[in-house]
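Please read the structure below before turning to the comments.
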RNA sequence: GGGGGAGUGGAGGAAUUGGUUUACUCGCCGCACUCAAAAUGCGGUGCCCGCAAGGGCGUAGGGGUUCGAGUCCCCUCUCCCCUACCA
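Structure below.
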């Protein structure tokens, strides 16, 4: 069986070696040529690549090779998102140092990628855990600090009381610690934040200006930013002059229906309002109860809302009435002001809480006739609302805000769901945050000339206790950059999303030593023309990278507003109805596949089985089919190699009928493949067009020759060469090999992409469908451009059509030129 | 609860502005080659009726617009993804 296969192993190794030795894919800025920046999301060096990687990198490689053949100067780089938690977990579990683990993984995976024959400029490879990389991120951190874009505050984190350590979200499994299974609690710690909220509006506006992005990704980003317009309103606390509960509402028009107010349990005001010991104890009990709510409980939206009524009362500023104040679990501190004005008449959540607590419900919008619901959230005429009565909801919102502002009780306000980006990680394997704490000067940034603040290597990682860096005295104990006195270094490291927020800029000048990147290089290459990656990064990575780019722009470092012009979100790789995973036992190992069938087959099937944006259903028989196809191409070419090499071009204007028809197929294939790649990355249909060409090539070769002797080899040579050029981006090794077998000294990838000869595309005759009352009854072969009257006459006279017209009258005839004739009849 | 996407043969998937439904691949069936098998090549393959010629029905279901609907409009069902007490 193996002996029947073409020698993909030797051939793939040979061409990979040749391309590497020739530095075939190395690029430099060239103002004389249009550039194309093709980028796939760089991998985390987890150990081995999986089929998802094969898919995304195959997609990117087709595009990069295609664009090169189209004359673009293509930047197509690769690197490693090398910081991250798994390296630390490996250290904890196997005692391997994260640096060693990471670098071993990188060298294994680099080799795997090279075996796929991907056309990267490997001279630009970057690894984010190297000081030469993260040095620049530290510099930008200091710049952001100076501008108030980086700041420090307390926030809540997941905390394992048994391991005495902070847990990342992915280390919390169903509310329990991934290692010791203890119940995870929340804890307040100091941490660093990037002020992404400052850019909320700009990030949102640009969502409308990125037509090259999938709509669903933009929608997810819009939802994530979550802009909502409303008002903040002060509810004075009864008997406490100067003290008020500030709430955010999107429905200021419903103020007259405000019958109680609610604070988030952890709201800071609660401590000020609760003085009495007994009440304080009740509050603490309630808070503990809410904090215990596990992940699973929180998922159940329909569970009863719990609350505790405080003794303090607040004033409804619209009515002047005193109303009760609660703390309740359905109000979260993370959104708005962490406090709400409750209007049970027009908010279902408030209604759900008000009814069991016996709270009054006031309707402030007239219900439409027949309304049977509970809270009413639709539009209508305002009622029971004093000066707002009679207005529509929208008009009442505007008037209520005017009134609040005139009476200094509140103001119009736009609120965002987007939170500032918490970048502190109490972790070892990340970029150190370049600040120190001095007893005299307080928090001080490291001096720029002292950067990078290098991550020390002599660290014990146990997974217990706080940040591992805190246990490295040589790292922690330092000198204050300002006064020279003793100071302690920050021991938090940065979120790995920071590295991936600018790596695409570093690729422009990866070895540049005087800054993040060389300005001219970035101006030439940026923005990324096509970015390709998984949908799982639809929000976080893609939003952070957009934010970071805007920050760098405002720091005067880059000119672009957005990093990625085009985005392709590829689907998952599925097998047997489920995502490939070790636990499901349905993984296909790329190494095995490359060894048994070759990289070209692996690439071909990944691209053929589904369009890139859809999930790909892996099928071992299908992979065999892809391999069979390449064998077919191989055998055909070798079987005719002498004939093909000796062929002399035929005159295109003097071909036999059969020869002309065959040549037309070849040139139609060029157009189809080009359009499929160009328009929508429909590589699957591009490949099927190439397969059809191969089928036709076989048919042409097998049929008895009727044409002049020279014509046949000439047409076959043109067909095979076209086939190889079209196949090249998909299956570069076999295409390059056969190209050289045909006698070409120069690489196929130095050749321009083929262009269809418009003369070859001309058809003398076309098939026209004849319908009677919308049903296909016959087909006619007519001259291209035949007149409608002529085609109609032929159709009406057609033997297979006439019986359907008997005893009926022709009402009208619809002619679609070059396509069909529809004869519409009615009974006589 | 909110948002987004998808339902086409036995399977993955194709179908220009509404114009031949099911390209290509897999699977299955048949034939050739072979002592045999594999490999390879060629042919067939939506469902139903029919010896055949041919006809009827078919793109989740129901309605509508149209000479003509997988495609456009309305309703219903199913599945997938994201998100979540967002005030």
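Numbering (the numbering used here), first residue to last: -8 to 819. Cβ coordinates follow ideal geometry from the N, Cα and C atoms, glycine included. Small disclaimer: the values here were computed from a predicted structure and weren't measured.
A direct Cα-Cα distance of roughly 25 angstroms separates residue 609 from residue 684.
Under the three-state reduction of DSSP, residue 371 is assigned to coil, being neither helix nor strand.
Restricting attention to alpha helix (DSSP H) runs no shorter than 4 residues, the segment 672 to 748 encloses them at 674 to 693, 702 to 718, 723 to 732, ordered along the chain. Taking residue 134 as reference, the option from 424, 303, 61 with the minimal CA-CA separation is 424. Check the Cα spacing between residue 751 and each of 614, 83, 596, 644: the tightest is with 644. Counting C-beta pairs with one atom in each stretch, the segment 270 to 282 and the segment 355 to 364 have fewer than three that are closer than 8 angstroms, which means they do not touch. Following the DSSP letters along the chain, one finds residue 130 in no beta strand (DSSP E) but inside the alpha helix (DSSP H) bounded by residues 122 to 137.
Relative to residue 270, the option among 245, 302, 260, 255 whose CA is nearest is 302.
Around the beta carbon of residue 45, a 10 Å sphere encloses 16 or more other beta carbons of the protein chains shown; the residue is thus reported as buried. A direct Cα-to-Cα measurement between residue 491 and residue 128 gives close to 11 angstroms. When secondary structure is reduced to three states using DSSP, residue 413 falls in the strand class.
Unbroken beta strand (DSSP E) runs of no fewer than 3 residues, entirely contained in the segment 198 to 279, are found at 218 to 227, 235 to 240, 251 to 254, following chain order. Residue 119 and residue 74 have their C-alpha atoms roughly 7 angstroms apart. DSSP, read as helix, strand or coil, puts residue 359 in coil. Looking at the backbone, the Cα of residue 659 and that of residue 687 are separated by about 12 angstroms. By the Cβ neighbour-count rule, residue 603 is buried, with 16 or more other Cβ atoms within 10 Å of its own. Burial state of residue 106 is buried, judged by a 10 Å Cβ sphere holding 16 or more other Cβ atoms.
Counting only residues of its own chain and dropping the five nearest sequence neighbours on each side, residue 466 has a CB closer than 7 angstroms to the CB of 447, 460, 480.
DSSP places residue 609 in the uninterrupted beta strand (DSSP E) bounded by 607 to 609.
Non-local beta-carbon contacts of residue 396 in its own chain, meaning distances under 8 angstroms to residues more than five positions away in sequence, involve 402, 403 in chain order. Under a 10 Å Cβ-count criterion, residue 52 is classified as buried, with 16 or more other Cβ atoms of the shown protein chains found around its own Cβ. For residue 153, the closest alpha carbon among the candidates 87, 176, 527, 451 is that of 176. Taking 7 angstroms as the cut-off, the Cβ atoms of residue 21 and residue 85 do not count as close. In this structure, residue 485 places its C-beta atom within 7 angstroms of the C-beta atom of residue 414.
About 19 angstroms separates the CB atoms of residue 379 and residue 225; that is not less than 8 angstroms, and the two are not in contact. Judged by pairs of C-beta atoms under 8 angstroms, the segment 722 to 740 touches the segment 589 to 603, as three or more such pairs exist.
By the C-beta density criterion, residue 355 is buried, having at least 16 other C-beta atoms within 10 angstroms. Beta-bridge partners assigned by DSSP to residue -1: none are found.
A distance of 7 angstroms or more separates the beta carbons of residue 501 and residue 551.
Minimum Cα-Cα distance from residue 682 among the listed residues 695, 664, 668, 693 corresponds to 664. By the 16-neighbour rule on beta-carbons within 10 angstroms, residue 574 is exposed.
Linking residue 497 to residue 253 through their CA atoms gives a straight-line distance of about 49 angstroms. A straight-line Cα-Cα distance of about 8 angstroms links residue 785 and residue 771.
Per the C-alpha coordinates, the member of 581, 218, 710, 69 positioned closest to residue 564 is 581.
With contacts defined as CB atoms closer than 7 angstroms, residue 526 and residue 559 fail to qualify as a contacting pair. Nearest to residue 731 by alpha-carbon distance, out of 628, 81, 639, is 628.
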